[in-house]
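In the order they appear, the protein sequences are chains A, B and C.
Going by the working numbering, the first sequence opens with residue 1, and the numbers climb by one from there.
Going by the working numbering, the second sequence opens with residue 1001, and the numbers climb by one from there.
Going by the working numbering, the third sequence opens with residue 2001, and the numbers climb by one from there.
By construction, the Cβ of each residue, glycine as well, lies at the ideal position given by its N, Cα and C atoms.
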Amino acid sequence: MVIPNLWQLFFNALGLSGFYALFAVGLTLVFGVMKIINFAHGELYMIGAYFAWLVVSAGSDFLPLIPLLFLGLVVGILFVGGLGVGIERAIFRPLRVSPLSGFMASVGLLYVLQVLVGQTFGLKEKSVPTVFPGTVELAGATISNHVVVTILSAVILLGLLWFFLERTRLGQGLRASSQDSGAAALQGISLNQMSALVMGIGSALAATAGVLVGTSLLMSPYMGWSVLWKAFIVTIVGGMGSISGAIVAALLFGFLDNLITTLGEPQMVTMIDVLVMLLILAFRPQGLLGHEK
Amino acid sequence: MKNRGNLTKPLALAVLLLFLILLPLFVRGYWLDVLILLTINVILVVSFRLVTTMGGWNFAHIAMMGVGAYTSALLTTKYLDWPFWLTLPLGGLVAAFVALAISYPCLRTKGFYFFLSTFAAGEAMRQVWIRFQFFGGKYGICPIIHPNPILGIEFVRAVPNYYLALVITLLSVFIFYRLDKSRIGDTVKAINSDEELCEAMGINTWGYKALVFVVASFFAGIAGVLLVHYNGLINAEAFSVAYCYKIITATIIGGAATFVGPIIGLVVMTGVTEIFRDLLEWVPLIYGVFIIGVLLFLPDGLVTLPRRMSPLIKKIQMIGKGIAR
Amino acid sequence: MKILELVGLSKEFGELVAVNDIDLVIEEGEIRGLIGPNGSGKTTLFNLISGFIRPTKGKVIWQGHDITGKSPHTITKKGLARTFQLTTLLKERTALQNVVMACHLHTEMGLFEQFLRRGGAPEKEKKVERKAMAILEAMGIAHVQGEIAGELPHGYQRALGIAIALASDPKLLLLDEPVTGMNPVETRDMMERIKKLRDSGVTILLVEHDMKAVMGTCEKITAMNFGKKIGEGLPEEISKNKDVIEAYLGA
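Pasting the structure below:
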C-alpha cells in the first residue's frame, strides 16, 4: 500500500471539505430562513456546472481557460442565483404554509430540471478540461491547483458570507429571520425579502460548487442527485439551519471521506457516513451545533 | 329520493366490483401487466395513506415492501422450499416486526425528521440487500417461483395472478377503509390534530402511532410478496426512492384527506405514465409538473376538483338553459 | 389524606432554573390555589406533575405511589387530569366530539371493538355519548354540543377544556388559568362550577391570576416566584404576606 503523504491528504481533504461546505451551507441557509429542504438544490449545482461547461466550450476560441472559467463562474452564479430567486417566488412562497408541500414541490422541480437539462444537453456524461491546470508544491506535497482554488474560493466566499451576516444590516436581518421569522417580521423584516435573498445566496453557493468542482468530475444531469445526499448528511450532522455547523460537519466528512477513499474503500464512504451520522444523532439529535427544539 | 340515496353507493360499488372482475376479458398482454401492478400499488397507497392520517410521511414504506418480498424470496426460492401461501402472510409479519423495531427511533421524530429517519432506515435496508450476498447482492434473486398451485389453479399466467392480486387488494382496501372510519382511525386523526391534548386525555399516542405504522408496513410487506412472485425475480433496485416518491406523489395528487383520493391519484398517475410511455425520458418531468401544478392550484388533491369545478359547471348549466330557451 | 405530594421537585433548562426545590402537599378534597407572577414556574410545575416534562430532581407522589417521569397518558389513567393554558382543543371537531374522544379511557372498548366501524359497538358508543353530554351539562355548555370547538366563544372554549379533562374521571384536576379572559359574570359562574366539582369529589389545584376569583374560591393558597415557594396558607394570610405582595408589585 502506498503510504500517503500526510500533507497531500490534508490539502485534498481540505479541498473536499471546501466543496462540501459550499454545497451544504447553501442548503442549510435556505432551511434556516424558509424552514424547507430544497431537494432541487443539487440541480442548481448541476446547472452551475453545465453553465461553466457551456461558457468554456463556447468561448474556448476567444479566451484562454482561466479567465473563461471566471467568466463562467460569474455568469453561472448570476444565472443560478436568479433562478433560485425565481423558484422562491413562484413555488416556495405560495407553499410556505406547508413545508411538506414545499418539499414535494422541490422534488418535482428536481425532476423537471433534470429532464430539461438531460433532454437539452444529452444524458451522456461530459467532461470539461480540468479547471485549473498544473500543480503546486506545498509543504512537500504536490497539490493540484484546482484543489487550491477550491479551498481558496470556499474560504473567501464563506468569509464574505460571514461578514455579510455579522456586519451588514441585511445580513443581520437574515439571521433574525432564521431564528424567529415572526419576531423579525414585527421588526419590519420582510420574510418574503429574506426568503428571496437566501434562495439567491444559497443557489449561488451551489452554483459555485458546481462550477468549481462539478466541472472536474464527469458531468451528467444526475450529478446533483448524487451529491445531494452528502449535503443532507453534512447539514443534519452540523445542525439544520446552522452555518457554522455545516462548515464543521463539512470538515469532518471531508477528512473522513478522503481518508476512506485513500485507504482504498471508496464504496464504503456512504455507509460509513450514514453510520457516523446516526451515531452523532443518537447523542445529539439536533446536530453538532444545532438548536434544541 | 331518499331511498335512492341509500342504494346508489352499494350499487356503484357492485358495478365497480363487476367491472374489476370482468376486466381480464378485455385487457391482455402488456396492459394486463400494467393492471396487475396498479392493483398491487393500490395496497401500497391505501396503507401509506393511513400513516399520513397520523401526520407521518413514511419514506420507509417501500423498504417494508422489500422486507416482505425478500422474506418470501429467501424462504421459497433461495434457501428453502416453503410454499408461497405460507410466506405471503409471513412476509407481512416480518415487515411488521421490522417496522416495530424502527418505530423506536423513528416515531420519536416528527414532520421532516420523521421523513428523514424513515428514509434513512429504508435506505439502510436497501444497502444491506445490495451489499450482502445472503440476499442475492446486486443481482438479486432470480428466478422466483410463482405462487404454488391451489385448488387446481396455476399461477404461471397473468390472469390468475391478477385475480390473486385483486382479491388481496380488495381485502386490504376493505380493512383500511374500516380502520379509517373506526374509533381507531378517529383517535389517530385526533392525535395528528393535537398530540399533547390526546396524551392528556389518556390516549397512549405512541401506541396508536406504532399500531398504524406496523399495520401499514404489514400490508406493504404483503404487496412486496405479491410483486416479486408475479415478476419472478427480486432486485433491491426495485425498492427505490423513486418508487416511494411515486406512491407519495399519487397520495398528494389525489388528496390525502380522503380515503379514496390516493387511489384516484394512483390511477391518474399510472394513466399519465402509460400515455407518455413513448416519451419515457419526459415522464419524470411530467410527474414534476403535475405535482407542482396540483400543489399550487389544487392543494387538497384531485378529489377536490369536482367541488372546485361545481361553480363553473353551474355557470355552464345556466348558460345552457339560457340558450335552450 | 394526601392525594398529591411533591418532594424537592426541580427543573432546570440549562442555566435557567424554572422550578426550584418545590415541596407541596395537596389533601384530598381541597381547592388549592397556585399563584405567582408570570414566569414564576407555575405552568412548568403543572407540566412536571402531569408528566409532560421530566424533572431534573425530586419526586411526584400520587396517592402514595411515585409517578415521577411517567408518561402523561399513564398519569391521566391514574386519575390526575389537567387543562392547558392556551385553548387546547380538537378545533375542527364539535364540542361533543371533543368530549367523546376524551372519554377514551372509559369507552370500555377493547382494541378490536375500536376497530369496528362506529356502530360496531353501538351500545358502548351511545353510553359514551350520554356520559359526554352529562359532562357538558355540568360545565354549562350542553347547548353548544354540536358547534365546532374552534368557533366557540372564549368562555365556552375554556369550559370545554375542563370538560375534556373531566372525561377521564379524575380524582385531582389541575386547572391552568380557567377564568383568564372571562368577564366577571363568566368568572363567577365558572368558579361556582369548580366548587361544585370539588363537592362531587374532585380535588382541585388551580393556577389563576384573577386574585378575586382565587381568594374567593380557594381554601388554601400556595405562592411561587422564580421557581420557589414563597408562601403558603389561608387566603387572608397570603394577601398579607410581604413576599407575595412584593413579587406581584415587583413583577
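Chain-ordered chain C contacts of residue i [CB-CB under 7 Å]
i, result
"Ile1194/B", "The question names Ile, yet the displayed sequence has Asp at residue 1194/B. Residues of chain C passing the Cβ test: Thr2088, Leu2090."
"Asn1204/B", "His2073"
"Ala1190/B", "Leu2090, Met2101"
N- and C-terminal bounds of the beta strand (DSSP E) containing residue i
i, result
"Val2025/C", "2016 to 2027"
"Lys2011/C", "2002 to 2013"
"Arg2158/C", "Premise fails: Arg2158/C lies in the alpha helix (DSSP H), 2154 to 2166, not in any beta strand (DSSP E)."
"Asn2225/C", "2220 to 2225"
"Asp2176/C", "2172 to 2176"
Beta-carbon proximity of residue i to residue j, cut-off 8 Å
i, j, result
"Gly76/A", "Pro221/A", "no"
"Tyr45/A", "Ala209/A", "yes"
"Val56/A", "Leu68/A", "yes"
"Phe1219/B", "Ile1043/B", "yes"
"Glu43/A", "Leu113/A", "yes"
"Val25/A", "Leu205/A", "yes"
"Gly1216/B", "Leu1050/B", "According to the sequence as given, residue 1216/B is Ala; it is not Gly. For Ala1216/B and Leu1050/B, yes; Cβs fall inside 8 Å."
"Phe92/A", "Ser181/A", "no"
"Lys2124/C", "Glu2137/C", "no"
"Arg2082/C", "Asp2176/C", "yes"
"Ala183/A", "Leu191/A", "no"
Partner residues on chain B for residue i, Cβ-Cβ distance less than 9 Å
i, result
"Met271/A", "Ala1124, Gln1127, Arg1131"
"Val274/A", "Ala1120, Glu1123, Ala1124, Gln1127"
"Ala2081/C", "Ala1200, Met1201, Gly1202"
"Ile91/A", "Ile1292, Leu1295, Leu1296"
"Met2109/C", "Arg1183"
Alpha helix (DSSP H) segment containing residue i, residue limits
i, result
"Trp1057/B", "Trp1057/B -> no alpha helix (DSSP H), and no H or E assigned at all."
"Glu1123/B", "1111 to 1131"
"Arg1384/B", "Nothing in the structure corresponds to residue 1384/B, since chain B is present only between 1001 and 1325."
"Asn1041/B", "1029 to 1053"
"Glu2236/C", "2235 to 2240"
"Ala1257/B", "No alpha helix (DSSP H) holds Ala1257/B; DSSP gives it neither H nor E."
"Ile2135/C", "2122 to 2138"
"Gly254/A", "243 to 262"
Cross-chain neighbours of residue i in chain A, by beta carbon under 9 Å
i, result
"Glu1199/B", "In chain order: nothing, as chain A lies at least about 17 Å away."
Chain A contact residues for residue i, given Cβ-Cβ distances below 7 Å
i, result
"Ser1057/B", "The sequence shown places Trp at residue 1057/B, rather than the Ser named in the question. Under the 7 Å cutoff, chain A gives Leu100."
"Phe1112/B", "Ile37, Pro99"
"Ala1069/B", "Those within 7 Å of Ala1069/B in chain A number zero; the least Cβ separation is about 22 Å."
"Glu1274/B", "By Cβ distance, chain A contributes nothing, its closest Cβ being about 18 Å from Glu1274/B, past 7 Å."
Chain-ordered neighbours of residue i on chain B, where CB pairs are closer than 8 Å
i, result
"Met104/A", "Ile1248, Thr1249, Ile1252, Ile1291, Leu1295"
"Pro94/A", "Leu1296"
"Leu116/A", "Leu1285"
Contacts of residue i in chain A (Cβ-Cβ under 8 Å)
i, result
"Tyr1287/B", "Gly108, Tyr111"
"Tyr1245/B", "Val107"
"Glu1281/B", "Val115, Gly118, Gln119, Leu123"
Chain C residues whose Cβ lies nearer than 8 Å to that of residue i
i, result
"Ile1263/B", "Within 8 Å Cβ-Cβ: nothing; Ile1263/B doesn't reach chain C, min ~19 Å."
"Thr1187/B", "Met2101, His2104, Gln2114"
Partners in chain B for residue i, counting only beta-carbon separations shorter than 7 Å
i, result
"Thr2076/C", "Ala1200, Met1201, Gly1202"
"Ile2164/C", "Met1201"
"Ser2168/C", "Met1201, Gly1202"
Neighbour list for residue i in chain D, Cβ cutoff strictly below 9 Å
i, result
"Phe2052/C", "Absence of chain D from the displayed structure is noted, the protein chains being A, B and C."
- Item | Ranges of the alpha helix (DSSP H) found wholly within the stretch 137 to 219 of chain A, counting only runs of at least 4 | 145 to 167, 169 to 179, 181 to 186, 191 to 212
- Ranges of the alpha helix (DSSP H) found wholly within the stretch 1187 to 1241 of chain B, counting only runs of at least 4: 1195 to 1200, 1205 to 1231
- Does the stretch 2162 to 2176 of chain C come within contact of the stretch 2074 to 2094 of chain C, defined as at least 3 CB pairs closer than 8 Å? yes
- Pairing CB atoms from the stretch 1117 to 1132 of chain B with CB atoms from the stretch 28 to 48 of chain A, are three or more of them under 8 Å? no
- Message: Tell me whether the stretch 1094 to 1107 of chain B and the stretch 1250 to 1270 of chain B touch, counting them as touching only if at least three CB pairs, one residue from each stretch, are closer than 8 Å.
- Response: no
- Message: Just to confirm the assignment: which complete alpha helix (DSSP H) runs, minimum length 4, are found wholly within the stretch 2041 to 2074 of chain C?
- Response: 2042 to 2049
- Message: Can you confirm whether the stretch 1061 to 1078 of chain B touches the stretch 1214 to 1226 of chain B when touching is taken to mean that 3 or more C-beta pairs between the two stretches lie within less than 8 Å?
- Response: With a cut-off of 8 Å, the stretch 1061 to 1078 of chain B and the stretch 1214 to 1226 of chain B count as touching, because enough Cβ pairs lie within range.
- Are the stretch 2204 to 2212 of chain C and the stretch 2021 to 2036 of chain C touching by the rule of at least three beta carbon pairs closer than 8 Å? The stretch 2204 to 2212 of chain C, when compared against the stretch 2021 to 2036 of chain C, does touch it at the 8 Å Cβ threshold.
- Would you check if the stretch 169 to 180 of chain A and the stretch 5 to 19 of chain A touch, i.e. whether three or more CB-CB distances between them fall below 8 Å? no
- Query: Do the stretch 2009 to 2027 of chain C and the stretch 2042 to 2055 of chain C touch if we need at least three Cβ pairs shorter than 8 Å?
  - Reply: Enough Cβ pairs lie closer than 8 Å, so yes.
- Quick check: the stretch 2087 to 2102 of chain C against the stretch 1180 to 1200 of chain B, are there 3 or more CB pairs under 8 Å? yes
- Message: I want to know whether the stretch 2187 to 2201 of chain C touches the stretch 1304 to 1320 of chain B - three or more CB-CB distances under 8 Å.
- Response: No, the stretch 2187 to 2201 of chain C is not in contact with the stretch 1304 to 1320 of chain B.
- Quick check: the stretch 137 to 149 of chain A against the stretch 11 to 23 of chain A, are there 3 or more CB pairs under 8 Å? yes
- Counting pairs of Cβ atoms below 8 Å between the stretch 1011 to 1029 of chain B and the stretch 1076 to 1083 of chain B, do you hit three or more? Short answer: they don't touch.
- Item | Cβ contact check for the stretch 2055 to 2071 of chain C and the stretch 2141 to 2159 of chain C: 3 or more pairs under 8 Å | no
- Does the stretch 153 to 163 of chain A touch the stretch 17 to 36 of chain A, meaning 3 or more C-beta pairs lie closer than 8 Å? Contact between the stretch 17 to 36 of chain A and the stretch 153 to 163 of chain A is present: three or more C-beta pairs spanning the two stretches fall below 8 Å.
- How do the stretch 273 to 290 of chain A and the stretch 30 to 44 of chain A stand: do at least 3 beta-carbon pairs fall below 8 Å, yes or no? no
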